[in-house]
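**Q**
Residue numbers (this note's numbering): 544 to 1108.
(1) Just list the alpha helix (DSSP H) runs in the region 1008-1085, keeping only unbroken ones of 4 residues or longer that don't cross its boundaries, in chain order.
(2) Measuring straight from C-alpha to C-alpha, what distance separates residue 931 and residue 717?
(3) Measuring only the C-alpha atoms, how far is residue 649 from residue 630?
(4) Pick out the complete beta strand (DSSP E) segments inside the region 601-679, 3 residues or longer, and give them in chain order.
(5) Tell me which residues share the same chain as residue 560 and place their Cβ nearer than 7 Å to its Cβ, disregarding the 5 neighbours each side in the sequence.
(6) With three or more C-beta pairs closer than 8 Å as the rule, is the region 895-905 touching the region 867-886?
(7) State the Cα-Cα distance for the pair residue 955 and residue 915, rounded to the nearest angstrom.
(8) Is residue 1042 closer than 8 Å to residue 843 when the C-beta atoms are compared?
(9) Excluding the 5 residues flanking residue 558 on each side, which residues of the same chain have their C-beta closer than 7 Å to its C-beta?
(10) Quick one: using the 10 Å Cβ neighbour count with 16 as the cut-off for buried, is residue 879 buried or exposed?
(11) Considering residue 485, what are the terminal residues of the beta strand (DSSP E) in which it resides?
(12) Going straight from the alpha carbon of residue 674 to that of residue 637, what length do you get?
(13) Return the chain-ordered list of same chain residues with a C-beta closer than 7 Å to the C-beta of residue 982, the five sequence neighbours on each side being excluded.
(14) Checking 8 Å against the spacing of the C-beta atoms, do residue 741 and residue 785 come in under that value?
(15) Within its chain, find whatever has a CB closer than 6 Å to the CB of residue 1095; leave out the 5 residues flanking it on each side and keep chain order.
(16) Do residue 774 and residue 806 count as a contact pair if the criterion is CB distance below 8 Å?
(17) Name the residue from 644, 967, 791 whose alpha carbon lies nearest to the alpha carbon of residue 664.
(18) Nearest to residue 669 by alpha carbon, out of 681, 1027, 606?
(19) For residue 975, report the span of its beta strand (DSSP E) as first-last.
(20) Taking all protein chains shown into account, do 16 or more other C-beta atoms lie within 10 angstroms of the C-beta of residue 861, making it buried, or fewer, making it exposed?
(21) For the putative contact between residue 909 and residue 991, defined by C-beta atoms under 8 Å, what is the C-beta separation to the nearest angstrom?
(22) Please check the pair residue 770 and residue 722, which I expect to be a contact at CB under 8 Å, by giving their CB distance rounded to whole angstroms.
(23) Thinking C-alpha only, which one of 624, 588, 790, 1068 is nearest residue 566?
(24) In angstroms with no decimal places, state the Cα-to-Cα distance between residue 948 and residue 814.
(25) Assuming residue 1143 contacts residue 780 (C-beta within less than 8 Å), just tell me the rounded distance between them.
(26) Roughly how many whole angstroms lie between the Cα atoms of residue 892 and residue 876?
(27) Which of helix, strand or coil does DSSP assign to residue 738?
(28) To which residues of the same chain is residue 787 closer than 8 Å at the C-beta, ignoring the five residues directly before and after it?
(29) Please confirm if the region 753-768 is in contact with the region 1021-1040, defined as three or more CB-CB distances below 8 Å between the two stretches.
(30) Nearest CA to the CA of residue 1078: which residue from 640, 1039, 727, 836?
(31) Along the beta strand (DSSP E) that carries residue 900, what are the first and last residues, could you check?
(32) When the Cα atoms are used, what is the spatial distance from residue 702 to residue 555?
(33) Using 8 Å as the threshold, is the C-beta distance between residue 871 and residue 902 below it?
(34) What is the rounded straight-line gap between the Cα of residue 830 and the Cα of residue 874?
(35) Hey, out of 732, 764, 1019, 970, whose CA is closest to residue 744's CA?
(36) Quick one: residues in its chain with C-beta nearer than 8 Å to the C-beta of residue 975, no 5 flanking neighbours on either side, listed in chain order?
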């Protein structure tokens, strides 16, 4: 095909060295042969990305390139265009200011379509180019919410009647779709939790992504009752009970696989608040050397795992990645010649060979009761999701002393705190020092977004204060903020670790029942690495920022002033 038949936006990609000329000609022939559009073919062949095509189109037609994910879009703007027109032509009215609408389009060169929108809305139209995949998602979301809102307005009283009379009738399809959309979008964004929060005059939907809350949507308050009722029906909760907290769960199929949704409701002054914890089923455990543990700590913990008995604890607050570390340790141990049995709440990953047990208090299966039964299952390795009480702690310690390797978590702020916590639970000092091999303390810090990572100058005094001035070619990095990371500058998380091994001096301090301060002082000396040291290392590797490490584990006052994104 000759050059004149190739769109100008495509030849611009060649001019900008984003696409090889011969590959462009080959793509044109492929598109003609298969009956596809050229941009579709280029994307399928992975010759360029969607954003490059959009930017080239924007330059060709002298219109802006807009990524809707960069802005708070008023989804109510969908009232300006019928759904079939918006969906068929991949467009959405992004902004409506006075008598002008900014129309996000895939093809701003379609002047007939621009005129059609102008006539239909009686408004001036300013086209812009948007990524087609983003437009598709935006159209789906906007019109789903609009349909749900109409359904609520038309049948809100019917929903209230259903709640009051405990009728478990099927809800309207729009509400089903809306709840499913909320879950799917949360999983896509990497959220760990969804918060459905009623306020005086609106319903707020927030997501926790990488440990930080982000607002996702603001809905009409009328949608609160049907959304909560739908979630309750899915979770097999009492839809008529709105004055007491309830807990349940359900499963949902999303593009990424099956997600287990743990539901918690609690009454507030404006209505029931719902939090949904998302656990993606079938997720594979990472290798132990992939969790981000520093080499000295990794070497020591690997040696501990090679012992046939003893106890290894992982400590840290809720959401610090303790379970991920335990699964990584079990993956290393999981061979056909070992019997590994677990008691968990909940079972987050289903792993072949492991005998996994779910805590079920209603059936009498607590951590302690389950652990007693596990000891009759001839285990080599026992994993306890959490040591919560004295009974569980006693059984776990005794199991570690009688030939079993025991892995568990403990809620303490530091690795040293595990020794004090076990003592406070009534475990005899000699049993603590005899059974415990190592304690891992950990936190999660946000990882700098690779899509917007850039070098930033640090004050030389801060570099010295952080102990980074002896590193060659050290370049401090931060994320500028982009649509991929919700403008936070961070995407994903990485672990910070400290590892405490039980030295003779530390054992003496515990056996002598010395004070908490004395034990923690000895424990500090027994650390193979500390959280702060590992934080500095992660900063030096360009994985996170000084401000992020300071937020999670604390650094010097001067250090806190640096690298905050």
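We put the CB at the ideal spot given by N, CA and C, even for glycine.
**A** Inspection of the coordinates gives the following:
(1) 1047-1054, 1059-1069, 1074-1083
(2) Here residue 931 refers to the residue found at position 388 of the chain shown. Here residue 717 refers to the residue found at position 174 of the chain shown. Cα-Cα distance, rounded: 42 Å.
(3) On the chain shown, position 106 is the one that residue 649 refers to. On the chain shown, position 87 is the one that residue 630 refers to. Going from the Cα of residue 649 to the Cα of residue 630 covers about 11 Å.
(4) 634-640, 643-648, 667-672
(5) Against the chain shown, residue 560 aligns to sequence position 17. Cβ within range, chain order: n/a, list empty.
(6) yes
(7) By 1-based counting over the chain shown, the position of residue 955 is 412. By 1-based counting over the chain shown, the position of residue 915 is 372. Using only the alpha carbons, I get a separation of about 24 Å.
(8) If you number the chain shown from 1, residue 843 lands on position 300. If you number the chain shown from 1, residue 1042 lands on position 499. Yes; because the gap between Cβ atoms is below 8 Å, this pair is in contact.
(9) Counted from its first residue, the chain shown places residue 558 at position 15. Cβ neighbours of residue 558 beyond the five flanking positions: none.
(10) Indexing the chain shown from 1 puts residue 879 at position 336. It is exposed - the Cβ of residue 879 has fewer than 16 other Cβ atoms within 10 Å.
(11) The structure shown has nothing for residue 485, since the chain only spans 544 to 1108.
(12) In the chain shown, residue 674 corresponds to position 131, counting from 1. In the chain shown, residue 637 corresponds to position 94, counting from 1. Computed Cα separation, rounded: 13 Å.
(13) Working through the chain shown from its first residue, we reach residue 982 at position 439. 856, 858, 958, 961, 1043.
(14) To locate residue 741, count along the chain shown from 1; it is residue 198. To locate residue 785, count along the chain shown from 1; it is residue 242. No. Outside cutoff.
(15) Against the chain shown, residue 1095 aligns to sequence position 552. Answer for residue 1095: 986, 988, listed in chain order.
(16) As a working mapping, residue 806 is identified with position 263 in the chain shown. As a working mapping, residue 774 is identified with position 231 in the chain shown. Result yes, Cβ atoms of residue 806 and residue 774 sit closer than 8 Å.
(17) On the chain shown, residue 664 is found 121 positions in, with the first residue counted as 1. Closest option to residue 664, Cα to Cα, is 644.
(18) Taking the chain shown and counting its residues from 1, one reaches residue 669 at position 126. Nearest of 681, 1027, 606 to residue 669, Cα basis: 606.
(19) The residue labelled residue 975 in the question sits at position 432 within the chain shown. Per DSSP, residue 975 belongs to no beta strand (DSSP E); it is in the alpha helix (DSSP H), 972-978.
(20) Within the chain shown, numbered from 1, the residue matching residue 861 stands at position 318. It counts as exposed.
(21) Translated into the one-based positions of the chain shown, residue 909 becomes position 366. Translated into the one-based positions of the chain shown, residue 991 becomes position 448. In fact, because the Cβ distance is near 42 Å, the residues do not count as touching under 8 Å.
(22) Within the chain shown, the letter at position 227 stands for residue 770. Within the chain shown, the letter at position 179 stands for residue 722. Rounded, the Cβ-Cβ distance is 6 Å, consistent with contact.
(23) As a first step, residue 566 is located in the chain shown; it is residue number 23 there, counting from the start. Comparing Cα positions, the closest option is 588.
(24) Position 405 of the chain shown, counting from 1, holds the residue named residue 948. Position 271 of the chain shown, counting from 1, holds the residue named residue 814. When rounded, the separation of the alpha-carbon atoms in residue 948 and residue 814 is 47 Å.
(25) As displayed, the chain neither begins before 544 nor continues past 1108, which places residue 1143 out of reach and without an answer.
(26) Here residue 892 refers to the residue found at position 349 of the chain shown. Here residue 876 refers to the residue found at position 333 of the chain shown. When rounded, the distance between both Cα atoms is 16 Å.
(27) Residue 738 sits at position 195 when you count from the first residue of the chain shown. Strand, per DSSP.
(28) What you label residue 787 is simply residue 244 of the chain shown in a count that begins at 1. So the list reads 810, once near-sequence residues are dropped.
(29) yes
(30) Within the chain shown, the letter at position 535 stands for residue 1078. The shortest C-alpha separation from residue 1078 is found at 1039.
(31) Walking along the chain shown from the start, residue 900 turns up at place 357. Looking at the DSSP string, the run of the beta strand (DSSP E) that includes residue 900 is 898-901.
(32) For the purposes of this step, residue 702 is identified with residue 159 of the chain shown, where counting begins at 1. For the purposes of this step, residue 555 is identified with residue 12 of the chain shown, where counting begins at 1. Any reading at residue 702 needs caution, since the residue's pLDDT is 37, under 50, leaving its predicted position unreliable; the model's value is listed next. Each residue's alpha carbon lies about 55 Å from the other.
(33) Reading the chain shown from its first residue, position 328 is the one you call residue 871. Reading the chain shown from its first residue, position 359 is the one you call residue 902. No, the Cβ-Cβ distance between residue 871 and residue 902 is not below 8 Å.
(34) Here residue 830 corresponds to residue number 287 of the chain shown, with the count starting at 1. Here residue 874 corresponds to residue number 331 of the chain shown, with the count starting at 1. Taking the straight line from one Cα to the other gives about 7 Å.
(35) For the purposes of this step, residue 744 is taken as the residue at position 201 of the chain shown. Residue 744 has its Cα closest to that of 764, out of 732, 764, 1019, 970.
(36) As a working mapping, residue 975 is identified with position 432 in the chain shown. The answer, listed in chain order, is 940, 962, 965, 966, 1053.
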